[in-house]
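For reference, the structure discussed in these notes is given below.
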Amino acid sequence: MAAEARIIDGKAAAAALRAEIASEVSGIKAARGLVPGLHVVLVGEDPASRVYVASKEKQAVEVGMNSVAHRLPPETSEAELLAKVAQLNADDSVDGILVQLPLPAHIDADRIIDAIDPAKDVDGFHLSNVGKLAAGRAALVPCTPLGSMILLRQTLGSLAGLEAVVIGRSAIVGKPMAQLLLQADCTVTLAHSRTRDLPAVVRRADIVIAAVGRPRMVKGDWIKPGATVIDVGINRLPDGKLAGDVDFAEAVKVAGAITPVPGGVGPMTIACLLKNTLTAFHARRG
Ligand code: NAD
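Numbering (my numbering), first residue to last: 1 to 286.
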């Protein structure tokens with residue numbers, strides 16, 4: 001009977017990344033008197049979004065950044081939000097701008113994302129950054145795939161030549177994840193809701209990335225023995241507990257390494273937002 005998979009500790013990896021960022025931020029302050037600034041804009045009262053924004057604000061403060069949350073009322077118009085984005089674009093002390101999604105239905109999210117200065121787009125959603133990533137050029141990369149890549153590299157070292165299967169083709173996770181794996185010289189399959197025989201596709205994978213939003217969909221017998229499994233899914237169960245997209249209890253018996261939910265990819269996402277803010281600071285202010 002093979003040993004159980006190594007559990008990839010995303011909480012510890014995120015804490016280590018935040019410590020590195022904090023030390024870099026204090027170095028920048030000491031040497032140049034500058035403080036990297038992250039501005040998060042929230043429109044409305046969505047409870048999950050309020051929690052995410054509070055946590056982004058708090059963690060940016062903890063690493064020593066100038067952290068500002070702009071909380072706008074639900075009736076904020078698209079024109080008002082565009083004006084707020086324009087004001088942040090023009091402010092030299094602002095390094096990162098993140099507009100929390102989803103936005104209220106009366107605001108066109110694409111129009112807002114298109115208006116953010118690509119050099120300050122720390123979510124990596126602006127078409128300019130999406131295009132640069134696809135072209136293999138330096139870009140601000142979406143935080144969840146970036147965090148997943150850091151965990152993969154820490155677990156496996158070089159990824160060159162490995163078979164990677166990404167399940168889910170969203171613009172936020174699946175597609176940028178596939179691009180990053182391709183850049184890391186993996187052979188990449190991007191699977192989705194219309195993929196035929198998903199279990200057979202997943203069985204080929206040395207690396208499985210699950211980003212679907214369906215609790216415990218990926219079963220243990222889909223996993224190739226020894227594979228590395230990154231579970232991006234965060235699903236609330238009827239009993240209030242969280243579950244990933246992977247059936248952890250089954251997969252942990254087959255995989256070589258696996259991320260838990262919670263405590264895997266989730267904590268890396270905000271740490272990577274802070275990392276992107278530093279990247280944006282360096283690219284813009286030298
Ligand atoms: P999404 O709904 O935009 O995309 C889901 C994708 O899954 C789609 O591309 C769809 O084709 C695919 N899909 C749906 N049903 C499928 C099936 N039966 N078989 C194969 N593929 C199927 O979701 P998203 O925004 O990419 O998020 C995915 C999950 O990741 C969610 O649970 C979300 O909560 C979570 N998430 C976590 C973080 C984090 O910080 N850890 C960040 C973003 C998203």
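By construction, the Cβ of each residue, glycine as well, lies at the ideal position given by its N, Cα and C atoms.
- Unbroken beta strand (DSSP E) stretches of 3 residues or longer found wholly inside the stretch 178 to 230: 187 to 191 and 207 to 210, given in chain order.
- Short of 6 Å from the beta carbon of A160, and not among the five residues preceding or following it, lie these beta carbons of its own chain, in chain order: D185.
- Distances from the alpha-carbon of R236 to those of L274, A69, D245 and D114 put D245 closest.
- In the structure shown, E250 adopts helical secondary structure according to DSSP, grouped into three states.
- At least one heavy atom of ligand 1 sits closer than 6 Å to the Cβ of R169.
- For G96, the three-state secondary structure derived from DSSP is strand.
- Excluding the 5 residues flanking it on each side, P225 has same chain C-beta neighbours closer than 6 Å at V254, in chain order.
- Remark: the C-beta of I8 is outside contact range of ligand 1, defined as less than 6 Å to any heavy atom.
- Rounded to whole angstroms, the Cβ separation of A13 and Q100 is 24 Å, and the two are not in contact under 8 Å.
- Contact between the stretch 270 to 279 and the stretch 121 to 130 is present: 3 or more CB-CB pairs across the two stretches fall below 8 Å.
- The residue from P104, A138, G263 and K56 with its alpha-carbon nearest to that of D231 is G263.
- The alpha helix (DSSP H) runs of length 4 or more contained entirely in the stretch 69 to 146 are, from start to end of the chain, 78 to 90, 109 to 115 and 127 to 135.
- Per the C-alpha coordinates, the member of V265, D239, L182 and D221 positioned closest to G233 is V265.
- DSSP places G240 outside any beta strand (DSSP E), giving it a letter other than H or E.
- No heavy atom of ligand 1 is found nearer than 6 Å to the CB of G124.
- The residue from D110, P176, G286 and E163 with its alpha-carbon nearest to that of A139 is P176.
- Remark: the shortest separation between the CB of S193 and any heavy atom of ligand 1 falls under 6 Å.
- Taking 7 Å as the cut-off, the beta carbon of R111 is found no closer than this to the beta carbon of E163.
- The straight-line gap separating the alpha-carbon atoms of V25 and N89 is approximately 21 Å.
- In terms of Cα proximity to V68, the closest of H39, R50 and D9 is H39.
- In the structure shown, V61 falls within a helical segment according to DSSP collapsed to helix, strand and coil.
- The bridge partners DSSP lists for S49 come to none.
- Note: H39 is bridge-paired with V68 and I97 in the DSSP secondary-structure output.
- When secondary structure is reduced to three states using DSSP, I7 falls in the strand class.
- Between ligand 1 and V53, a heavy atom-to-CB distance of less than 6 Å is absent.
- Short of 8 Å from the beta carbon of L81, and not among the five residues preceding or following it, lie these beta carbons of its own chain, in chain order: V41, V43, L72, V99, L103, I107 and I112.
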